[in-house]
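Asks:
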Amino acid sequence: MTQAITPSSLWQGTPHPTSRWTVQQIGALMKEGRDPVSVPTATVLRRPRENPDDWTMPPKAVELVLPRLRLKHDGKRAQVITPAGAIQWMDIVRGR
3 MTQAITPSSL WQGTPHPTSR WTVQQIGALM KEGRDPVSVP TATVLRRPRE NPDDWTMPPK
63 AVELVLPRLR LKHDGKRAQV ITPAGAIQWM DIVRGR
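See the structure below:
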């Protein structure tokens with residue numbers, strides 16, 4: 003029996019050698035019938051759990067570009083695919 007070890011976080015995935023997306027993101031895009039090369043993107047803010055530079059201070063938010071599936075009519079939220087392949091709605095900084 004083969005066991006697949008899932009990522010421990012929505013923000014971890016297996017890098018793909020020829021794509022900017024992770025293996026899990028590509029799999030989710032294929033299930034959605036989307037082309038990984040031409041899928042629109044959204045930039046979201048992610049706040050890590052820890053600040054590696056100074057544990058006494060809150061961590062700084064990091065911008066991440068993720069594949070975008072849908073966009074709300076107001077343009078402020080998007081359904082994106084995290085590096086672990088999870089699909090979720092998030093507030094966006096900007097989208098293309």
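Just so we're aligned, residue 3 is where the sequence shown starts under our numbering, counting upward by one. Cβ atoms here follow ideal geometry from the backbone N, Cα and C, with glycine treated the same way. The model shown is predicted, which means the values in this text are computed figures rather than measured ones.
Among the residues of its own chain, which have a CB less than 7 Å from the CB of R49, if the five just before and after it don't count?
Replies: P61, A63
Asks: What is the DSSP secondary structure of A63, reduced to helix, strand or coil?
Replies: In the three-state scheme derived from DSSP, where H, G and I count as helix and E and B as strand, A63 is classed as coil.
Asks: Alpha carbons only, please: which of I89, E65, R51 is nearest the one belonging to M59?
Replies: R51
Asks: Can you give me the C-alpha to C-alpha distance between V46 and Q27, rounded to a whole angstrom?
Replies: 16 Å
Asks: Below 8 Å between beta carbons: does that hold for L12 and P69?
Replies: no
Asks: Please list, in chain order, all residues of the same chain as M92 whose beta carbon is under 7 Å from its beta carbon, the five residues on each side excluded.
Replies: V46, R79, A80, V82
Asks: If you follow the beta strand (DSSP E) that Q81 is in, where does it begin and where does it stop?
Replies: 79 to 83
Asks: Pick out whichever of G87, W57, V95, D55 has its Cα sitting closest to the Cα of L73.
Replies: The shortest Cα separation from L73 among G87, W57, V95, D55 belongs to V95.
Asks: Let me check understanding here. Comparing Cα to Cα, which of T24, R36, P19 lies closest to V67?
Replies: With respect to the C-alpha of V67, the residue from T24, R36, P19 having the closest C-alpha is T24.
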